[in-house]
Ligand code: GLP
């Protein structure tokens, strides 16, 4: 596991965008797994900037998003569809037919989950998976629990997640209680994983993840300890407790 500690949010975003652009340069038809949430907004902004300068070309890239709220149609501003188009797809040259996001309003949700897994398989699996992390250690919407699911499935959001994501809605009550998410199996089969963490709110979970040697369904991100190619890019605020525990406090 490689750990990169960036000075601040902007540096974290630039570093993450550079890693993604390098992988696309190596393999123009990269299968790219994408994340939402507040953390990767800066990474998308940087990738858009690089695209405008001709530094990266998405014309052959295939994308698969991690998750979508159940019941929010693509045109709903709070949906991850809307987020992805407004932050990224509307500004770069990913071909529309190469964009995949789970459909949160599919008539047959079980079928949608199966279809999504099949599409990932047909594309040859994820080459590079971008991840954020929930305050409770969730990745995608794989929430802590007694067991974790391997494949794409419907999940019930944890109270911590509802609270954390309420900032994107008018109130906590409006946050959908369920979502479609790819499973831990799909994430773990990605050839390379880049996990981003930013801000004080993530310092506790990052310290837990990086200082403990234990893998537990109670901390879904801990499964990344078993993956052969994970890069963590976090800013100093997110790294604070981890560095304190290691005895390396940064001024
Ligand atoms: C959200 C998303 C995750 C994301 C995480 C952290 O609920 N489902 O994919 O990584 O929670 O979000 P944020 O970056 O806003 O802290």
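Residue numbers (this note's numbering): 20 to 270.
Glycine included, C-beta positions come from ideal geometry on N, C-alpha and C.
Spatially closest choice to residue i from the options, by CA coordinates
i	options	result
residue 205	259, 253, 140, 227	140
residue 131	163, 86, 99	86
residue 176	84, 195, 186, 165	195
residue 159	174, 166, 165	174
residue 178	212, 44, 54, 154	154
residue 44	77, 30, 57, 31	77
residue 32	261, 209, 150, 246	150
residue 88	56, 114, 146	56
residue 112	147, 79, 144, 142	79
Residue environment, residue i, which counts as buried when at least 16 other CB atoms sit within 10 Å
i	result
residue 96	exposed
residue 189	exposed
residue 221	buried
residue 84	buried
residue 105	exposed
residue 257	buried
residue 233	exposed
residue 230	exposed
residue 216	buried
residue 245	exposed
residue 73	exposed
residue 59	buried
residue 254	buried
Sub-9 Å separation of residue i and residue j beta-carbons
i	j	result
residue 51	residue 42	yes
residue 199	residue 102	no
residue 203	residue 163	no
residue 236	residue 166	yes
residue 209	residue 263	no
residue 201	residue 171	yes
For residue i, the three-state DSSP class (helix, strand or coil)
i	result
residue 25	strand
residue 212	strand
residue 172	strand
residue 233	coil
residue 252	strand
residue 245	helix
residue 55	coil
residue 67	helix
residue 127	coil
residue 50	strand
residue 197	strand
residue 157	coil
residue 81	strand
residue 145	coil
residue 191	helix
residue 203	helix
residue 136	helix
residue 118	strand
Beta carbon proximity, residue i to chain C, threshold 9 Å
i	result
residue 198	The displayed structure is made up of one protein chain only, and chain C is not part of it.
contact_flag[the segment 29-36, the segment 62-74] where n(CB pairs < 8 Å) is 3 or more: yes
Inter-stretch contact at 8 Å, needing at least 3 Cβ pairs: the segment 116-124 / the segment 22-32: no
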